[in-house]
Amino acid sequence: FLFFPSRRTRFSFTDQYWKSKDPVRILQNVSVLLPRSPFRENAMRGSFEIQATPLTAFEVSYGNAVTTFGQTDPFQARILDNVTHGVSFTASRMITRRQRVSATYSFFKVAPINRAKPNDDAVDTKRELEHPVQTLSMGYQVSLSPSMYLSFNGGMSTLDNGKSYVFGILGNRRLGVFWLGAGYSRSASFGIEPGVPNALPNGLAPANYIDQILFRLSGQPTQRIGLQVETNATHNVSQKVAGPNHSLIARARVDYRWTDRTVTFASVETYQAPWNDHIKAPLSRNRFIVGLEFSLSDERERRINRLNRDEDYVALTEHARRRRTPDPE
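Below, the structure written as structure tokens:
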């Protein structure tokens, strides 16, 4: 749901429900490679944005996610079932035509669904994230040229056992008809990612600090063909939730546009972890998908109608129609 109370304000609300026996496909989080098991999540998010001036904007967001994972096990007591709720505040300002600064403060808490009660017939267990988690970050984006831009962010995050710094850098460069991006970050798995100013928590994501390397390639060799390649590799730098570990997600997708509304695609994905803390064993999985995607609105409607959010939720082409001549640099 998207509503514009005035020309300078915007209100949005989304509710998403997922159910799968393979949570890795749903979460797409390189720091949370879970084994196959029943997974459900209902996530609600709302945000309100106000454009105070042509150069300054403020946004407040609230998120709530209810997550269940795994079979009922009397020994584990479904320890991964939880409710996550949080709020974030973001302020951004354009300081020049090519530079933007932003600041984000987020506050959230994770609580188990089945809470222990006094005198319960169960062993008392200390759960992670019993206290609220707070993150404060600053961001800076600069466009060095029409074909190159950089993003920087950094700040501090507090967990149960103290504070830690977070930071990230992401660069994008256009090479012919392709965009090449690469980045490095140290962050909490629920928090800031390279180039993303704000991310409220995913219900199941652990608050573990990770070093992440990102590589991305996207472009259109022809007007009808689109290509996307993305690789995420991480290394845990904190043992707050899980022990030290490495993990990798790699994806590649090729799509062919038949019309403005219809696209066929083929994608390949791989998930690799030499050691998975949930199953106490290595995790290796590959996936190949061929499919057809259809949109109820054409490209022109998606571009000129500010109320249309179709392309945010339906990956029609993963790219806009390529122009016949490249943009001038």
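For the sequence shown, the numbering used here begins at 43 and goes up steadily by one. Every residue, glycine too, gets a C-beta built ideally from N, C-alpha and C. Please read these numbers as outputs of a predicted model, since none were measured by experiment.
Does the beta-carbon distance from residue i to residue j come in below 9 Å?
i	j	result
I267	D297	yes
E83	A107	yes
T177	G196	no
G223	L259	yes
I291	L75	yes
N287	N318	yes
R310	R295	Arg is not the amino acid found at residue 310; the sequence shown has Val there. Cβ distance < 9 Å, so V310 and R295 count as in contact.
R303	L338	yes
I211	S193	yes
Y251	V208	yes
Over the uninterrupted beta strand (DSSP E) stretch that includes residue i, give me the two end residues.
i	result
P263	Note, P263: premise wrong, no beta strand (DSSP E); not H, not E.
D302	Looking at the DSSP string, D302 is not in any beta strand (DSSP E), and its letter there is neither H nor E.
P47	44-48
K61	51-62
R82	81-95
Can you check DSSP and say which residues form a bridge with residue i?
i	result
F131	V102, Y147
V332	A308
H288	H277
D123	None; D123 has no bridge partner.
S185	Y191
R215	M190, L222
P154	N124
R295	Q270, S309
S229	I252
S29	An answer regarding residue 29 cannot be provided, because it is not within the stretch 43 to 371 covered by the chain.
V208	G197
L178	Y147, M198
R142	M136, Q183
For the alpha helix (DSSP H) that residue i lies in, which residues bound it at each end?
i	result
I68	65-69
Relative to the C-alpha of residue i, which candidate in the options has its C-alpha closest?
i	options	result
R139	N124, S103, Q183, F149	Q183
V305	S189, V152, Q265, K322	Q265
F131	I291, G105, Q254	G105
P12	N328, G181, V219, Q58	Past the boundaries of the shown model lies residue 12; the chain is included only from 43 to 371, so the question cannot be answered.
M180	A145, S189, P188	A145
F149	I155, I137, T126	T126
F100	R52, S79, K63	R52
A275	A308, F55, A85, P316	P316
T98	H288, V208, M136	M136
F43	R215, T56, N328	T56
F111	V102, R87, I155, Y147	I155
P372	L217, P174, F336	Lying outside 43 to 371, the shown extent of the chain, residue 372 is not represented and no answer is given.
S62	F81, F45, S103	F81
V66	G333, K322, T312	T312
If residue i and residue j are in contact, beta carbons under 8 Å, what's the gap, nearest whole angstrom?
i	j	result
G225	L256	4 Å
S227	Q254	5 Å
R78	S103	About 32 Å; that fails the 8 Å criterion.
N124	A153	6 Å
K205	P174	Incorrect: roughly 13 Å between the Cβ atoms, too far for contact.
R50	Q93	4 Å
Could you tell me whether any Cβ in chain B is nearer than 9 Å to the Cβ of residue i?
i	result
T51	In the structure shown, chain B does not exist; there is a single protein chain.
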